[in-house]
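Protein chains in written order, with my numbering: chain A, 889 to 1006; chain B, 179 to 991.
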């Protein structure tokens, strides 16, 4: 991995699917080599991508209830901020976040944020 | 001789730019103005009043022939510029070439037409210029015509309102979950929808267009879900895109719009651009205020003065008469953001401010927008609002003032002021009741009925108690439902029933919710209350359900699920057992366990395998056991008279009848039942939510037992002589529980609160009441009693429940 100089200046975002494939205030997962990543769609139609694993007891966050810009883990109700991946107090912890954007109704993920240390 | 300025596009942006230019430096340029429309500049944003008939075209013309003549503008309207030659500095039209020294591109935007079959049929139009409006008016002239507007944004709704005004039957089709989602949050979008529907516009949300139908003209619109809406015209108002073809062909830098710098100059120093066709700092604008700001800068640049455009913050108002709506800035939620919400259900007002670092970053208002521009001013200026935060939402009249003491306000009310609108109770009646001994909220309710119906005046009544009794009054520590509201669960249930609230936004508004869209605590409860009270009208919201109910399976600690098919009364047969065994093998189920409820649990199933597994189980006649539901779980039985030498009645048969009647019903919490064939009670009926003990003379129905965190024996409800009577008692009891209990209260907790006598009065003693409860239960069952597995055992669900994409290969590279 000494390819620093070869990285193209413009990353090609990966098309994951249509925005409408995720229900409003819902989530879907994508499988990656490093585990599942959960894509969330908020009430305001924003999309966020974070690891699908709660830092508490590894609950699948994609199955939680989505409210404002957060998700409540389905196992023990930890609340995770979708923007930052930070666990809302009084609990502590953080989930990895990924670059994601919506263009013309398609969800695109930034591959640069998919690699590197987990 | 003056330099030649050629302007392409005679719209609002170039019109305003020319005004500034002639003011700043008359005679600096010899101007030639090309416009594709065969007319000069008019106020395009006033097309809606023209459509609705409130204004005429003449009234919205901004520049007439005299104005152009006065400023020496050569007008070439109806003449389309086909190309720009930057080397020779000429533009080409059908009539030949026109040279320029400076070129201003103001081509605006083009409506986006969704690429569905039938989009080119006559009768399908955009809503963009006067010709569109004239076509609409022509069609509307024949009474009884139907219009479908695709797009529930600003433009689409204005078109819809105008067409309705013209007497058309109007349906708005919107792809998203609420109207004007770019400008409004869901709560305000709900109020807008309610208002428009009240006027007679039909609104279809989450509706995707599949095709436009018709032979030689449009006849109807076909939706993805198969519904068809008849239409004489279809107005597409789904959005606009910058009109950049000329600029692209001329080789200028273009991405979404034509690139311009702060001086409005494109990548060619002699070509400027202004309006909806440009892109400044990655932003494209579609509202008039930014265009006017750009127009000022264009004029300065053209005359060699220094000026810079730095981008615009925009605000929106809907131009539909009688609809007061305002939005500005960014009103998404966020961790570092707080919201202040003010709702006044009586006046239909909703106001929401989004605050970040003590500054307003977004504002949405519905019903009362008087303070909109003041909030927008604070937003643009980045005013620090820390000092006035408490009263900020009340607007400038109040900003920085001392918060009113609510007690003082109540004390100041005259005796004849009405406190409880539902029951028409005045302050005087309440204070009289209080001074004559009613010193708690419950006593005041009993004596006067005040706050006993919808409950919204509970706070006022409590304040009256406090004012009247002083320190003697100890406020009850009522637990609000969640941080979104001051109302208790019981208050909310009363409110939903008395005001006939049939959607979550309606409850949020009427209950003065302090958040815009509820939270993870109140949404599941509200979803239950609404579907239990309004089985016909309310649409279940899966996203407001906990994971197990959403997926119709129980999540396990490793993220896999468990599957429990129903076994009626605990009875099964070799075919069912074989199907279960086959499914367990086919889907590699690691654990097969017999449950305490007399059925079999298959644990460790992957989510994406659930639909296929259900299909296999369905094929053998097995349905969901609802082992995941706040609803009927099991009816446990013993073998009864069929086999047992002590059995007094057919306990298994009765158990199956009860289960067949009750399955599929949603309840505030899970409900478990049992039927024992004799007092030896092998089915352990006396620690269930509902238990039946069969005796020689009939059936003892008891309720409100528990065997979980608490252990409690059931209490006798009534003794029934027949199976039918016991079944009626059980249905009536469960329905009473469904209608009144707090979400997540098991029956024993609920009965402890309301008292068994209260329950008996309604379920046992009053036969009319019992029959009505049974009828309501059966009606609800006619809607909800269907196998959720059968409805989801298909490829579509499998697809939805599988990963959206598999990037394991990508990341491995």
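Even glycine gets a Cβ: it sits at the ideal position worked out from N, Cα and C.
Sort the options by Cα distance to residue i and report the nearest one.
{"i": "residue 492 (chain B)", "options": "B:923, B:554, B:659", "result": "B:554"}
{"i": "residue 951 (chain A)", "options": "B:658, B:591, B:404, B:698", "result": "B:698"}
{"i": "residue 819 (chain B)", "options": "B:813, B:221, B:832", "result": "B:832"}
{"i": "residue 1023 (chain A)", "options": "A:957, A:949, A:976", "result": "A question about residue 1023 (chain A) goes unanswered here, because the residues of chain A that appear run from 889 up to 1006."}
{"i": "residue 646 (chain B)", "options": "B:608, B:862, B:696", "result": "B:608"}
{"i": "residue 673 (chain B)", "options": "B:714, B:692, B:630, B:660", "result": "B:630"}
{"i": "residue 360 (chain B)", "options": "B:571, B:495, B:826", "result": "B:495"}
{"i": "residue 617 (chain B)", "options": "B:363, B:899, B:639", "result": "B:639"}
{"i": "residue 978 (chain B)", "options": "B:217, B:438, B:785", "result": "B:785"}
{"i": "residue 745 (chain B)", "options": "B:795, B:800, B:757", "result": "B:800"}
{"i": "residue 205 (chain B)", "options": "B:467, B:226, B:509, B:183", "result": "B:183"}
{"i": "residue 412 (chain B)", "options": "B:635, B:509, B:297, B:536", "result": "B:297"}
{"i": "residue 968 (chain B)", "options": "B:543, B:793, B:625, B:806", "result": "B:793"}
{"i": "residue 441 (chain B)", "options": "B:233, B:268, B:488", "result": "B:488"}
{"i": "residue 692 (chain B)", "options": "B:841, B:805, B:531, B:750", "result": "B:531"}
{"i": "residue 558 (chain B)", "options": "B:549, B:537, B:547", "result": "B:537"}
What would DSSP say about residue i, mapped onto helix, strand or coil?
{"i": "residue 679 (chain B)", "result": "coil"}
{"i": "residue 236 (chain B)", "result": "helix"}
{"i": "residue 470 (chain B)", "result": "helix"}
{"i": "residue 766 (chain B)", "result": "coil"}
{"i": "residue 521 (chain B)", "result": "strand"}
{"i": "residue 210 (chain B)", "result": "strand"}
{"i": "residue 362 (chain B)", "result": "coil"}
{"i": "residue 403 (chain B)", "result": "coil"}
{"i": "residue 409 (chain B)", "result": "coil"}
{"i": "residue 929 (chain B)", "result": "helix"}
{"i": "residue 818 (chain B)", "result": "helix"}
{"i": "residue 661 (chain B)", "result": "coil"}
{"i": "residue 535 (chain B)", "result": "coil"}
{"i": "residue 877 (chain B)", "result": "strand"}
{"i": "residue 758 (chain B)", "result": "helix"}
{"i": "residue 563 (chain B)", "result": "coil"}
{"i": "residue 277 (chain B)", "result": "strand"}
{"i": "residue 459 (chain B)", "result": "coil"}
{"i": "residue 914 (chain A)", "result": "strand"}
{"i": "residue 890 (chain A)", "result": "Low local confidence applies: a pLDDT of 41 at residue 890 (chain A) is under 50, so the model's placement there is unreliable, with the coordinate-based value given in what follows. If DSSP states are grouped into helix, strand and coil, residue 890 (chain A) belongs with coil."}
{"i": "residue 261 (chain B)", "result": "strand"}
Using 6 angstroms as the cut-off, classify the Cβ of residue i as near or not near the heavy atoms of the ligand GTP, replying yes or no.
{"i": "residue 941 (chain B)", "result": "Only the bare structure without any ligand can be found here, which leaves the ligand GTP out of the picture."}
Going by the CB atoms, is the gap between residue j and residue i shorter than 7 angstroms?
{"i": "residue 331 (chain B)", "j": "residue 358 (chain B)", "result": "yes"}
{"i": "residue 918 (chain A)", "j": "residue 925 (chain A)", "result": "yes"}
{"i": "residue 311 (chain B)", "j": "residue 229 (chain B)", "result": "yes"}
{"i": "residue 908 (chain B)", "j": "residue 868 (chain B)", "result": "yes"}
{"i": "residue 948 (chain B)", "j": "residue 941 (chain B)", "result": "yes"}
{"i": "residue 319 (chain B)", "j": "residue 341 (chain B)", "result": "no"}
{"i": "residue 452 (chain B)", "j": "residue 284 (chain B)", "result": "yes"}
{"i": "residue 700 (chain B)", "j": "residue 660 (chain B)", "result": "yes"}
{"i": "residue 157 (chain B)", "j": "residue 777 (chain B)", "result": "Since the displayed chain B opens at 179 and closes at 991, residue 157 (chain B) lies outside it and no answer follows."}
{"i": "residue 462 (chain B)", "j": "residue 435 (chain B)", "result": "yes"}
{"i": "residue 921 (chain A)", "j": "residue 986 (chain B)", "result": "yes"}
What are the partner residues of residue i, as DSSP defines its beta bridges?
{"i": "residue 960 (chain A)", "result": "A:953, A:967"}
{"i": "residue 1057 (chain B)", "result": "One cannot answer for residue 1057 (chain B) here, as it falls past the ends of chain B, which runs 179 to 991."}
{"i": "residue 349 (chain B)", "result": "B:326, B:380"}
{"i": "residue 901 (chain A)", "result": "Paired residues: none, contrary to the question."}
{"i": "residue 854 (chain B)", "result": "B:871"}
{"i": "residue 844 (chain B)", "result": "B:809"}
{"i": "residue 220 (chain B)", "result": "B:239"}
{"i": "residue 994 (chain A)", "result": "A:906, A:991"}
Step through the CB atoms of chain C and report whether any lies within less than 7 angstroms of the CB of residue i.
{"i": "residue 987 (chain A)", "result": "Absent from the structure: chain C. Protein chains present are A and B."}
For the region 290-311 of chain B, which residues have a beta carbon sitting closer than 9 angstroms to at least one beta carbon of chain A? So the list is empty, because no residue satisfies the distance condition.
Return the residues of the region 915-935 of chain A that lie within a Cβ-Cβ distance of less than 9 angstroms from chain B, sorted by chain order. Those would be 916, 917, 918, 919, 920, 921, 922, 924, 925, 927, 930, 931, 932, 933, 934, in chain order.
Under 9 angstroms, CB to CB, which of the residues in the region 721-745 of chain B have a partner in chain A? Taking a C-beta cut-off of 9 angstroms against chain A, the contacting residues of the region 721-745 of chain B are 721, 722, 723, 724, 725, 726, 728, 729, 733, 735, 736, 737, listed in chain order.
Output, in sequence order along the chain, the residues in the region 345-357 of chain B whose CB is closer than 9 angstroms to any CB in chain A. The residues in question are 353, 354, 355, 356.
Taking only beta carbons into account, state which residues of the region 490-520 of chain B come closer than 7 angstroms to chain A, listed in chain order. Against chain A - using a Cβ distance shorter than 7 angstroms - the residues of the region 490-520 of chain B are 510, 511, 512, 513.
Within 8 angstroms of chain B by C-beta, residues of the region 941-960 of chain A in sequence order: Of all residues in the region 941-960 of chain A, 945, 946, 947, 948, 951, 952, 953, 954, 955, 956, 957, 958, 960 have a Cβ within less than 8 angstroms of some Cβ in chain B.
What are the residues of the region 474-485 of chain B that lie near chain A, defined by any Cβ-Cβ distance shorter than 9 angstroms? Nothing from the region 474-485 of chain B brings a Cβ to less than 9 angstroms from some Cβ of chain A.
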